[in-house]
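Participant:
Residue numbers (our numbering): 9 to 271.
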């Protein structure tokens, strides 16, 4: 849906890429809100909480441009063109993107496109779902004695295949956060099984930080069935790593394996 303004005087064109955070409207930064308050146009993605549009001036044009798994209402090329057209004709364009613009958000492409037209642009970072969503569930991506580093990997590449980086990540002791991979969960689990990590703790979090949030915890051996049983679908992220064992839901699983080990 597009809410439009009446164009009056032409303003100096500029673009601000704003990270909206993982879903909860209150997780945007103060600087992000200030940018919205001065917007003449807001181009917003599917994963952006629409409550944030209330911070934009009443006269501002609000344009939904899709961009989520299974919903590419606008191609990246079309979004780039809209961003430039609106900037040249209306002034300040806020490109409001879920999470952080530079974490699988294609933010640099938009920044680069603005530079091609000599339009000033800036970036306001947002909380990436890769860190914020597990953190709000009490799952740290690093923890002394459990994980010294973390990988953030796309589950599905642009050609629809599983990322080759997952094969490398599965060999490490790092926490591995997989975005856009829920529909390939079974295939990804097999990658970890091939490394002998059948009992590695795994969490799947759907629609993190929103009212529709679902959390499923298991091991590499059990997570596919658990996700199916709980009707998990996109948007969802997957966390592989010993840090998942810190989640309260994992304690019964730990106790079960302890009992099996004693038998």
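Note that the Cβ used here is the ideal one computed from N, Cα and C, for glycine as well.
Just checking, does the segment 96-109 make contact with the segment 206-218 on the three C-beta pairs under 8 angstroms criterion?
Facilitator: No, because fewer than three Cβ pairs between the segment 96-109 and the segment 206-218 fall closer than 8 angstroms, the two stretches do not touch.
Participant: Buried or exposed, going by whether 16 or more other CB atoms sit within 10 Å of the CB of residue 116?
Facilitator: Counting Cβ neighbours within 10 Å, residue 116 comes out exposed, since fewer than 16 surround it.
Participant: Could you tell me the distance, in whole angstroms, from the CA atom of residue 90 to the CA atom of residue 119?
Facilitator: C-alpha separation (whole angstroms): 13 angstroms.
Participant: Alpha carbon to alpha carbon, what distance is there between residue 185 and residue 245?
Facilitator: Answer to the nearest angstrom: the Cα atoms are 7 angstroms apart.
Participant: List the endpoints of the continuous beta strand (DSSP E) containing residue 125.
Facilitator: Neither: residue 125 is in no beta strand (DSSP E) and is coded neither H nor E.
Participant: According to DSSP, is residue 209 helix, strand or coil?
Facilitator: In the structure shown, residue 209 sits in a strand (DSSP, three-state: E or B).
Participant: Quick check: the Cα distance between residue 141 and residue 237, rounded to an integer number of angstroms?
Facilitator: Cα-Cα distance, rounded: 22 angstroms.
Participant: Can you tell me whether residue 94 is buried or exposed, with buried defined as 16 or more other CB within 10 angstroms of its CB?
Facilitator: Result: buried.
Participant: Give me the Cα-Cα distance between residue 24 and residue 159, rounded to the nearest whole angstrom.
Facilitator: Taking the straight line joining both Cα atoms gives about 28 angstroms.
Participant: State the DSSP-derived secondary structure class of residue 275, mapped to helix, strand or coil.
Facilitator: Since the first residue shown for the chain is 9 and the last is 271, residue 275 is missing from the structure and cannot be characterised.
Participant: Starting from the C-beta of residue 45, find all residues in its chain whose C-beta is less than 6 angstroms away, skip the five residues before and the five after it, and write them out in chain order.
Facilitator: Within the same chain, residue 45 has close Cβ partners 63.
Participant: Give a single yes or no on whether residue 145 has its beta carbon closer than 7 angstroms to a heavy atom of the ligand ZN.
Facilitator: Looking at this structure, you won't find the ligand ZN or any other ligand, since it has none at all.
Participant: Can you tell me where the alpha helix (DSSP H) holding residue 135 begins and where it ends?
Facilitator: First-last for residue 135: undefined, no H or E at that position.
Participant: Between the segment 150-165 and the segment 39-55, are three or more C-beta pairs nearer than 8 angstroms?
Facilitator: Contact fails: fewer than three Cβ-Cβ distances are below 8 angstroms.
Participant: Where does the unbroken beta strand (DSSP E) through residue 232 begin, and where does it stop?
Facilitator: It is not in any beta strand (DSSP E) - residue 232 instead sits in the alpha helix (DSSP H) that spans 231-237.
Participant: Determine the burial state of residue 193: buried for a count of at least 16 other Cβ atoms within 10 Å of its Cβ, exposed for fewer.
Facilitator: Buried.
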